[in-house]
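K.L.:
Attaching a single structure in structure tokens format; questions to follow.
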Amino acid sequence: MGVHHIALATKDLQATHDFYTNAMGFRIAKTVVAPTDNPGGWAKHVFYEIPGGGGQIAFWELHDEKIGDNWHAGMSTGLGLPWWVNHLAFDAKREDLRSLGDRWLKWGTEVMKVDHGFVQSIYTRDPNGNSVEWCADIEPYTDEDRTAALRDLLAENPEVGPPYPLKGLWKPEQYHPKAVRLYA
Numbered sequence: 042m043g044v045h046h047i048a049l050a051t052k053d054l055q056a057t058h059d060f061y062t063n064a065m066g067f068r069i070a071k072t073v074v075a076p077t078d079n080p081g082g083w084a085k086h087v088f089y090e091i092p093g094g095g096g097q098i099a100f101w102e103l104h105d106e107k108i109g110d111n112w113h114a115g116m117s118t119g120l121g122l123p124w125w126v127n128h129l130a131f132d133a134k135r136e137d138l139r140s141l142g143d144r145w146l147k148w149g150t151e152v153m154k155v156d157h158g159f160v161q162s163i164y165t166r167d168p169n170g171n172s173v174e175w176c177a178d179i180e181p182y183t184d185e186d187r188t189a190a191l192r193d194l195l196a197e198n199p200e201v202g203p204p205y206p207l208k209g210l211w212k213p214e215q216y217h218p219k220a221v222r223l224y225a
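This note's numbering runs 41 ahead of the 1-based position in the sequence shown.
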């Protein structure tokens, strides 16, 4: 079974809509407007289809005095964690990473590429400060990978490997065809 949808809060629904439709290429599918549990409070729940049958992502826009405005929409930073801890990773093909990164740069966001060995990923942040990743499998998991994963999970002091190799960071103002070729 797959994931039907992930739901997150947003403080700026229009910016979130622009990012997920234009920069990500998702399609708006459904909006539900309903009361919250506080009298007079209400919320919009907006669903977006992920291309390729990858389920959906949804965002809550909250209008509720009980909740107020004293909260952060970033799913990591709102908890006091670094921006990269909790993140959204969407499936991609390796050969599509370049065009997906181009799309982000043209939309105006930074693009970072990391080679994890078993996957290659590009990252940016959405308007809520959430880390968003396009992730391409490079090789399938093996029984050896699964055994090592269980060993590391159970270890009190697992062996720490090297940092992830950063393969590039591009800013929108640096966008030009030669810069894009660096992460091809």
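The beta carbon of each residue, even a glycine, is placed where N, CA and C say it ideally should be.
Bear in mind that the values here come from a model prediction, so they are computed numbers and not experimental data.
Tell me which residues share the same chain as P199 and place their Cβ nearer than 6 Å to its Cβ, disregarding the 5 neighbours each side in the sequence.
P.N.:
Mapped onto the sequence shown, residue 199 falls at position 158. Excluding residues within five positions, the ones whose Cβ falls inside 6 Å are D193.
K.L.:
Three-state secondary structure (DSSP) at K147?
P.N.:
Within the sequence shown, numbered from 1, the residue matching residue 147 stands at position 106. Three-state DSSP puts K147 in a helix.
K.L.:
The alpha helix (DSSP H) that contains H58, what's its start and end?
P.N.:
Here residue 58 corresponds to residue number 17 of the sequence shown, with the count starting at 1. It spans L54 to D59 - the alpha helix (DSSP H) in which H58 sits, taken as one unbroken run.
K.L.:
Exposed or buried, R166, counting other C-beta atoms within 10 Å across all chains shown (16 or more means buried)?
P.N.:
For this step, residue 166 is matched to residue 125 along the sequence shown. Looking at its Cβ environment, which holds 16 or more other Cβ atoms inside 10 Å, R166 is buried.
K.L.:
According to DSSP, is A70 helix, strand or coil?
P.N.:
Along the sequence shown, read from residue 1 onward, the residue named residue 70 stands at position 29. Three-state result, A70: strand.
K.L.:
Quick check on T57: buried or exposed, where buried means 16 or more other Cβ atoms within 10 Å of its Cβ?
P.N.:
By 1-based counting over the sequence shown, the position of residue 57 is 16. By the neighbour-count rule (16 or more Cβ atoms within 10 Å), T57 is buried.
K.L.:
Is it true that the CB of A84 sits closer than 9 Å to the CB of D132?
P.N.:
In the sequence shown, residue 132 corresponds to position 91, counting from 1. In the sequence shown, residue 84 corresponds to position 43, counting from 1. It is not a contact, given that the beta carbons lie outside the stated cut-off.
K.L.:
To the nearest angstrom, how far is the alpha carbon of R68 from that of H128?
P.N.:
In the sequence shown, the residue the question calls residue 68 occupies position 27. In the sequence shown, the residue the question calls residue 128 occupies position 87. In a straight line, the C-alpha of R68 is about 20 Å away from that of H128.
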